[in-house]
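I have placed the structure first, in the form of C-alpha cells, so that the comments after it can refer back to it.
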Amino acid sequence: RKHLCCLHRLSSTEQFSPTKPDPRSYMAYLSTSDGPSCIGFLVAPQWVMTSALCDAFYHF
Numbered sequence: 639r640k641h642l643c644c645l646h647r648l649s650s651t652e653q654f655s656p657t658k659p660d661p662r663s664y665m666a667y668l669s670t671s672d673g674p675s676c677i678g679f680l681v682a683p684q685w686v687m688t689s690a691l692c693d694a695f696y697h698f
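With the sequence shown counted from 1, adding 638 to any position gets you our numbering.
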C-alpha cells in the first residue's frame with residue numbers, strides 16, 4: 639500500500655505565524671541545509687500536508 643501524502647506536525651519554533659495578510663499564506667516550504675526542499679499546505683497552525691515523497695526525504 640502506497641501513501642500519497644503525509645501530515646507533519648511542526649515544532650513550536652517552526653509554527654506558522656503570518657506577518658501580513660497574503661492569499662498564499664496557507665503554503666509551506668520545508669527544507670534543510672543538506673537536503674532537498676519540499677512544499678505543502680497548512681491545515682492548521684502546526685500541521686502541514688505534503689506529498690509522501692517529502693517523508694522519504696526528511697523522515698519527519
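A virtual CB, placed ideally from N, CA and C, is assigned to each residue, including glycine.
How long is the line joining the alpha carbons of residue i and residue j, rounded to whole angstroms?
| i | j | result |
| --- | --- | --- |
| S671 | V681 | 25 Å |
| S675 | S669 | 4 Å |
| W685 | D693 | 14 Å |
According to DSSP, residue i sits in a beta bridge with which residue or residues?
| i | result |
| --- | --- |
| L680 | V686 |
| L668 | C676 |
So, for residue i: in the same chain, excluding its five sequence neighbours on each side, which residues have a beta-carbon less than 8 Å away from its beta-carbon?
| i | result |
| --- | --- |
| I677 | M665, A666, Y667, L668 and T688 |
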